[in-house]
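Presented below is the structure to which this report refers.
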Amino acid sequence: MGIYLDNAATSFPKPNKVSEAVYDFMVNNGTSSGRGSYKKAMESDYIVYETRKLIGELFNFKNPKNVIFTSNITESINIVLRGILKEGDHVITSSIEHNAVWRTLKTLEKEIKINISIAKCDNYGFVDINDIKELIREDTSLIIFNAASNVIGTIQPIKEIGKIARDNKIPFVVDGAQSCGAYPIDINEDNIDILTFTGHKSLLGPMGTGGIIINCDYDINPLKTGGTGGDSSYEYQVDYYPNKLETGTLNVGGICGLREGVKFIKKEGIENIHNKEKELTSYALKKLEDVKDIIIYGPKDCDKITSVISFNIKNKKAEEIAHILDRKFNIMVRAGLHCSPLAHKVIGTNEIGTVRIGIGYFNTKEDIDKLIYGLNNL
Ligand SMILES: Cc1ncc(COP(=O)(O)O)c(C=O)c1O
Numbered sequence: 001m002g003i004y005l006d007n008a009a010t011s012f013p014k015p016n017k018v019s020e021a022v023y024d025f026m027v028n029n030g031t032s033s034g035r036g037s038y039k040k041a042m043e044s045d046y047i048v049y050e051t052r053k054l055i056g057e058l059f060n061f062k063n064p065k066n067v068i069f070t071s072n073i074t075e076s077i078n079i080v081l082r083g084i085l086k087e088g089d090h091v092i093t094s095s096i097e098h099n100a101v102w103r104t105l106k107t108l109e110k111e112i113k114i115n116i117s118i119a120k121c122d123n124y125g126f127v128d129i130n131d132i133k134e135l136i137r138e139d140t141s142l143i144i145f146n147a148a149s150n151v152i153g154t155i156q157p158i159k160e161i162g163k164i165a166r167d168n169k170i171p172f173v174v175d176g177a178q179s180c181g182a183y184p185i186d187i188n189e190d191n192i193d194i195l196t197f198t199g200h201k202s203l204l205g206p207m208g209t210g211g212i213i214i215n216c217d218y219d220i221n222p223l224k225t226g227g228t229g230g231d232s233s234y235e236y237q238v239d240y241y242p243n244k245l246e247t248g249t250l251n252v253g254g255i256c257g258l259r260e261g262v263k264f265i266k267k268e269g270i271e272n273i274h275n276k277e278k279e280l281t282s283y284a285l286k287k288l289e290d291v292k293d294i295i296i297y298g299p300k301d302c303d304k305i306t307s308v309i310s311f312n313i314k315n316k317k318a319e320e321i322a323h324i325l326d327r328k329f330n331i332m333v334r335a336g337l338h339c340s341p342l343a344h345k346v347i348g349t350n351e352i353g354t355v356r357i358g359i360g361y362f363n364t365k366e367d368i369d370k371l372i373y374g375l376n377n378l
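Sequential numbering from 1 applies to the sequence shown in my numbering.
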């Protein structure tokens, strides 16, 4: 297969039980959840319920009904932003967001004239808490930040930002794409009102899974309407979670896989996973620094970042480096803007992009050594 170092895009490999569970469900069950009352359908209901519960527990959240499944975090973010924001509302975000947040906000700016204020990040990707305080207005209706950058890994002070939002009674939404499953998050301690997640990255589940954890009473208008399996004679979308935001047949096969991903994380211990990835990241940072003509972006400190590192090599195109690493050394890394042009403005690479490595739980120091060998022999 080669050496996979693109875990920030999607994690690979997955624990064996993830694919086994998807296969087992498709072969031995295959029924819809929330619809039928025969035994197999009840099993399907239970799988979905247990997965809601396990995901909630991972973030110290005790209300499985408020764990909503979606097809990925992009859908989650769309549901939340479009469900809360109204014409002319004011929103605060950061200058390092992924397009899942940024394009959705820009689209809403065009469609319903929301006003966007940006808390500027420094060269290392950190926002200044005081800037956020200053940006708050009377009509601020939402604050949204990623917990960690997908380009330079910077971990934001989410707890402090959440406290400001709470003090001002403004819904605080977190894009947890790079964080959920990678390091401990406590939805209450970290003052998060709405946590959005994707299933296929550090949660180790299959693509096509994601969700929203709603830890507040703010109203979210449903983006989609349709069948929910219950209250069918009622002509409008029901007003209770999860059905209010979860319409149409669920990806129960995918959810089976996600359940195993989350069980794996619980069994290994999220602290242990985090520590192993930190150790590999620290090792990679140290080794990369010795590569001739390399420029490494972001905080070069494994305590301040997730296991994502962006770099360039002077006089070489990022795409060319990634291409040679793949074709000559069978090493998979990403090159370009990584769906986050804003982050590249922060580090000054919006014209050239970066090479990005995303280290995962199943990588080894040997993988890093081979990467370094490849970079030294391009
Ligand atoms: C910070 C961040 N937000 C959102 C996304 C979008 O994730 P998905 O494609 O699973 O919806 C990503 C994926 O790279 C990400 O890194």
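Beta carbons: idealized from backbone N, C-alpha and C, even for Gly.
(Q) Quick test of your reading: V151 and H338, contact by CB under 8 angstroms. State the CB separation rounded to the nearest angstrom. (A) 5 angstroms
Q) Since S44 is in the alpha helix (DSSP H), which residue starts that stretch and which ends it? A) Annotation: the continuous alpha helix (DSSP H) that includes S44 extends over 39-58.
Q) Does the segment 138-145 touch the segment 85-93, meaning 3 or more C-beta pairs lie closer than 8 angstroms? A) With a cut-off of 8 angstroms, the segment 138-145 and the segment 85-93 count as touching, because enough Cβ pairs lie within range.
Q: Consult DSSP for T70 and reduce its assignment to one of helix, strand or coil.
A: strand
Q: Decide if Y373 is buried, meaning its Cβ has at least 16 other Cβ atoms within 10 Å, or exposed.
A: exposed
(Q) Considering Cα atoms alone, identify which of G30, G336, V22 is closest to E319. (A) Ranking G30, G336, V22 by Cα distance to E319 puts G336 first.
(Q) Between S179 and A147, how many whole angstroms is the CB-CB distance? I'm expecting something under 8 angstroms. (A) 4 angstroms
Q: Report buried or exposed for S233, applying the criterion of at least 16 other Cβ atoms within 10 angstroms of its Cβ.
A: Flag for S233 reads exposed.
Q: Report yes if the C-beta of K106 is less than 8 angstroms from at least one heavy atom of ligand 1; otherwise report no.
A: no
Q) Exposed or buried, which one is D231 when buried takes at least 16 other CB atoms within 10 Å? A) Of the other Cβ atoms in all chains shown, fewer than 16 fall within 10 Å of the Cβ of D231; this residue is therefore exposed.
Q. With burial defined as no fewer than 16 other Cβ atoms inside 10 Å of the residue's Cβ, what is the status of D128: buried or exposed?
A. exposed
Q.
Distance check for K86 and N115, CA to CA, integer angstroms please.
A. 11 angstroms
Q) Do the CB positions of G210 and E75 come within less than 9 angstroms of each other? A) yes
Q) On the three-state DSSP scale, how would you describe Y361? A) Here Y361 sits in coil by DSSP.
Q | Distance cut-off 8 angstroms: N251 Cβ against heavy atoms of ligand 1 | A | no
Q. Residue range of the alpha helix (DSSP H) that T281 falls in?
A. 270-289
Q) Would you call M332 buried or exposed, if buried means 16 or more other Cβ atoms sit within 10 Å of its Cβ? A) buried
**Q.** Beta-carbon gap between T247 and T228 smaller than 9 angstroms
**A.** yes
Q: Could you tell me if the beta carbon of N72 falls within a distance shorter than 8 angstroms of some heavy atom in ligand 1?
A: yes
(Q) What I want to know is whether the C-beta of V80 ends up closer than 8 angstroms to one or more non-hydrogen atoms of ligand 1. (A) no
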